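Q:
Protein chains in written order, with this note's numbering: chain A, 1205 to 1640; chain B, 1205 to 1640.
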């Protein structure tokens, strides 16, 4: 008998009617013969509303108490969803993160799962019940209630799927899957049939919001076959799975963008050994995540160091940056919030070195200036003006013909990227069943 | 160092401003040198709203899931209250019912506390923290979340006070204490300085809503000194404590009323041994609480059996009553929802047999017909027409001069009830500090 873990986000369970609809979907999966374990987020904007309520009481509430507060949200949605399933004549039971055995470290607000002790979940599934588990939450090794941070329910689902040895983890969301670009910016963006864990990691890290980075890491580490799909339609979504060299493979999967970061430049830094550490150690100690870093050597023994960080952290970083500048003897700190980042991601890039050049060409032809570049083996990211981001996304999407199903067989050596394309009939067929 | 348990109801923590005010009150108690453990209910109408939400999903939700849902309410209020105390510079920590060691049986929706394992609470108090505990909830011996039923937070507070060996349990509410009658009906009703556990039990059982019956039972069984007082004023409320023969004692403490019951009469029941059991066993098996029972013998070997039960249970009781009537060969079942009950309660009644006669006289003089009478050693209850209840309360309140501080010393033998009165200066003094 197949065992599947399904995860429904807050929009999918936003009110009583939607909860009933989700219950119908879950029951259909059970009626089709599967054991079903469901992870559910808080209803609609509940988490935001509780956060606002906390803000009325305290500008900086203790993490432990904030977690206690926020976990009320899933308690409500999971109990209601369980009732709705019972109402359809199936036996269901709800478990809090603690009851489901989601054991985390003690970092309130962004706890990491350290163990999943799914005994109660397995027993309930074995007794023929549909199991509903609160997403986003766990219990710490100190027996306190913890939360996993934004998007944590995805991680709960993937972790449970791994612990239960589930056949698949279905992430239901309000979009139909992973697209070649944001369809709001690129109208002919195409839903992808499948991406590798590595590609999804890069996409999640560079602005695609469909799956949280940590859940993808977890899926990769435990080999959880993940299916991102819409809770409002029945079509296939996007499969996230291990890269398989025997499969046909696109060179480029998608272009992601992100306008949530700001650029900081420390100007006139003495170009001496250890200076980078002096700059970045204090930021790391304050848990400020630095993304792209560029340092140019210069003739006069001084250099500018630029990097990006989340705009949300900019205010907190301010005094730290000033202190760094003083300590290393730099001339000053410049910040720029009007930037955006576009990233091209594709597993096939590893073996096709022309991709970066093609991307830079396309942006240059469109008159878009690149301020910072960073690359991994399967990603190229460029910082551009924020006002140019949408045009940059469209330009790159078109340059690589991403609206077309572009696949490359390993036996087809290429000299230029994105020039040779082959339709993959089976994948195209499944795409056409989508409700895009 | 004194250790006090305080309990705040839903109205007292109805919004962010009120939560901050309650936090101030708690901190004041701590600053005065006490160890403080606080039990808190869900904010305002939260529990009702969650119940409504469940009703939109399922007309009869499973008890386990309903409990899971409802316990979200205290989770929110307790976290916010803890944040508010932290904001005032005191260290506070919140515990769920489960974390506070409130262990119950498995009766969802009306669980009974079977044990209090307050290790974590004691440790936190010992570490100088103010402890906030979710009222109304516990964890069952099967490790499921349970609720204690309406008013259950009072019971949580008293049970914790007993387990912690607290010096007092303060129940903060939206009234100033226990009154000689409902002040909305009797404008000159007087706040009582103290009542015995037994009196409070009778008052709670006969319609006084200020303390739930079960919490009073718990307080009596464990000798918890309880103080019912207003969360909006600073005056003394009413002490609930063990009866002390050495103390001055009023013959009558208060008159309570209750219009939530209906009267059922099974007409023409054969007057044979075992017939009462045939009538009441099926109702007991359906967990319908029967209150006053009257059976008159009659000449023709048939009798009418009348009793009262909660109006809320009337519909559920209907088919059971019809079946009973058929089985015992009665002529039929009559129900009457237009009744009310008034009860006179006083520990001094035990040694003063004239009270009942005085009460019946007063009602007769006022032209109010008594339909059923029942008595205990410290209570007399009469069923009258619902439309006559308020007038009956005022009549009896006046007959026994309850607006005046009426006390009787044990060394003052009485022949007639309510005729000899003596002011108790110390009590009168404390009353005048009230903010009535």
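Cβ coordinates follow ideal geometry from the N, Cα and C atoms, glycine included.
Remember, predicted model here, so these are calculated numbers, not experimental data.
Please list, in chain order, all residues of the same chain as residue 1389(B) whose beta carbon is under 8 Å from its beta carbon, the five residues on each side excluded.
A: 1461, 1594, 1597 and 1598
Q: Report the three-state DSSP secondary structure of residue 1583(A) (helix, strand or coil).
A: strand
Q: Is it buried or exposed, residue 1425(A), if we count other Cβ atoms within 10 angstroms and call 16 or more buried?
A: exposed
Q: Check this for me: beta carbons of residue 1362(B) and residue 1444(B), under 7 Å apart or not?
A: no
Q: Is the Cβ of residue 1279(A) closer than 7 Å to any Cβ of chain B?
A: yes
Q: Mind checking which residues open and close the alpha helix (DSSP H) that includes residue 1531(B)?
A: 1518-1532
Q: List the residues of chain B that residue 1435(A) touches, going by C-beta distances under 9 Å, in chain order.
A: Going along chain B, no residue has its Cβ under 9 Å from residue 1435(A), so there is no contact; the nearest lies around 17 Å.
Q: By the criterion of Cβ-Cβ separation under 9 Å, what are the contact partners of residue 1287(A) in chain B?
A: Result: 1258, 1261, 1262, 1265, 1266, 1269, 1270 and 1273.
Q: Going straight from the alpha carbon of residue 1205(A) to that of residue 1433(A), what length do you get?
A: 22 Å
Q: Which residue from 1355(A), 1319(A), 1345(A) and 1297(A) puts its Cα closest to that of residue 1331(A)?
A: 1297(A)
Q: Are the CB atoms of residue 1470(A) and residue 1529(A) nearer to each other than 7 Å?
A: yes
Q: Hey, how far is the Cα of residue 1346(B) from the Cα of residue 1282(A)?
A: 19 Å
Q: Examine the Cβ distances between the segment 1304-1317 of chain B and the segment 1262-1282 of chain B and report whether three or more of them are shorter than 8 Å.
A: With the rule of 3 Cβ pairs closer than 8 Å, the segment 1304-1317 of chain B counts as touching the segment 1262-1282 of chain B.
Q: Taking all protein chains shown into account, decide if residue 1573(B) is buried (16 or more other Cβ within 10 angstroms of its Cβ) or exposed.
A: exposed
Q: Determine, for residue 1344(B), whether the minimum Cβ-Cβ distance to residues of chain A falls below 7 Å.
A: Answer no: the Cβ-Cβ gap between residue 1344(B) and chain A never drops below 7 Å.
Q: What residue from 1274(A), 1467(A) and 1511(A) has the CA that sits closest to residue 1484(A)'s CA?
A: 1511(A)
Q: Ordered along the chain, which non-local residues of its own chain (more than five positions away) have a Cβ less than 7 Å from that of residue 1289(A)?
A: 1227, 1230, 1231, 1296 and 1334
Q: With a Cβ-Cβ cutoff of 7 Å, do residue 1536(B) and residue 1474(B) count as a contact?
A: no
Q: With 16 as the cutoff for other CB atoms within 10 Å, does residue 1561(A) come out buried or exposed?
A: exposed
Q: Tell me which residues share the same chain as residue 1418(B) and place their Cβ nearer than 6 Å to its Cβ, disregarding the 5 neighbours each side in the sequence.
A: 1359
Q: For residue 1494(B) and residue 1253(A), I'd like the C-alpha separation in whole angstroms.
A: 44 Å
Q: Is residue 1262(B) buried or exposed, if buried means 16 or more other CB atoms sit within 10 Å of its CB?
A: buried
Q: Does residue 1433(B) come out as helix, strand or coil in the three-state DSSP assignment?
A: strand
Q: On the CB-based measure, 16 or more other CB atoms within 10 Å of its CB, does residue 1219(A) come out buried or exposed?
A: The residue in question, residue 1219(A), is exposed, as its Cβ has fewer than 16 Cβ neighbours within 10 Å.
Q: Where does residue 1372(B) fall in DSSP's three states?
A: In the structure shown, residue 1372(B) adopts extended strand secondary structure according to DSSP, grouped into three states.
Q: Is residue 1617(B) helix, strand or coil by DSSP?
A: With a pLDDT of only 33 at residue 1617(B), under 50, the local geometry of the prediction cannot be trusted, and no value is derived from it.
Q: Could you check whether the Cβ of residue 1238(B) sits closer than 7 Å to any Cβ belonging to chain A?
A: no
Q: Return the CA-CA distance between residue 1356(B) and residue 1321(A), expressed in angstroms with no decimal places.
A: 32 Å
Q: Whose Cβ in chain A lies nearer than 8 Å to the Cβ of residue 1290(B)?
A: Against residue 1290(B), the close residues of chain A are 1262, 1265, 1266 and 1269, in the order they occur along the chain (beta-carbon pairs closer than 8 Å).
Q: The segment 1347-1366 of chain A: which residues have C-beta closer than 9 Å to a C-beta of chain B, in chain order?
A: Listed by position along the chain: 1347, 1348 and 1349.
Q: First and last residue of the beta strand (DSSP E) that includes residue 1513(A)?
A: 1506-1514
Q: Which residues, in order along the segment 1210-1232 of chain B, keep a beta-carbon less than 9 Å from a beta-carbon of chain A?
A: Correct list: 1219, 1220, 1221, 1223, 1224 and 1227.
Q: Just the chain B side, please: which residues come within less than 7 Å of residue 1298(A) by C-beta, in chain order?
A: 1269 and 1272, listed in chain order.
Q: Assign residue 1284(A) to one of three DSSP states: helix, strand, or coil.
A: helix
Q: Look at the alpha carbon of residue 1456(B) and the alpha carbon of residue 1396(B), and state the distance between them as a whole number of angstroms.
A: 11 Å
Q: Quick check: what's the CA-CA separation for residue 1577(B) versus residue 1477(B)?
A: 23 Å
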